[in-house]
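Structure record follows, encoded as structure tokens.
Residue numbers (the working numbering): 24 to 171.
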């Protein structure tokens with residue numbers, strides 16, 4: 024019985040060594056300051072034409088996962104311009120440098136009180152999921168090789 028257990032242990036050890044030899048370890052992901060990335064994104068979004076106010080929060084947690092939350096208001100009364108701005112906001116959230124993949128939850132308030140979100144761009148949920156974002160915008164800028 025001892026010989027059988029020893030043989031199994033040696034076999035597992037050899038199997039682990041063989042697997043380690045064939046696959047390179049994943050490079051460590053750089054730590055991103057989420058507060059700094061939130062501030063950078065807020066500043067970028069606030070500079071867009073017709074944006075009255077913008078606030079972005081890049082967050083990661085056990086409850087909500089990896090997420091970019093964008094709340095903005097526009098001074099534009101043109102529905103086509105509002106949709107184009109919403110598209111730009113969502114795309115900017117998708118291209119965050121913080122992490123890949125991520126959900127992007129965006130709301131855009133208009134002068135008449137209407138609130139637009141990713142569903143107005145044809146996505147299934149208010150919080151756009153990585154697969155829908157990839158389908159619309161392609162891979163995120165932070166990782167051009169990423170695929171859903």
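All C-beta atoms, glycine included, are put in the ideal place defined by N, C-alpha and C.
Model, not experiment: these values are computed from the prediction.
| Item | Value |
| --- | --- |
| Ordered along the chain, which non-local residues of its own chain (more than five positions away) have a Cβ less than 7 Å from that of residue 156? | 117, 127 |
| Does DSSP classify residue 89 as helix, strand or coil? | strand |
| Have a look at residue 165 and residue 98 and give me their C-alpha separation to the nearest angstrom. | 30 Å |
| For residue 101 and residue 73, what's the separation of their Cα atoms in angstroms? | 11 Å |
| Could you tell me the distance, in whole angstroms, from the CA atom of residue 56 to the CA atom of residue 122? | 11 Å |
| Determine which residues share a DSSP beta bridge with residue 82 and list them. | 90 |
| As an exercise, report each continuous beta strand (DSSP E) stretch of at least 3 residues that is fully enclosed by the segment 94 to 159, in chain order. | 126 to 132, 138 to 140 |
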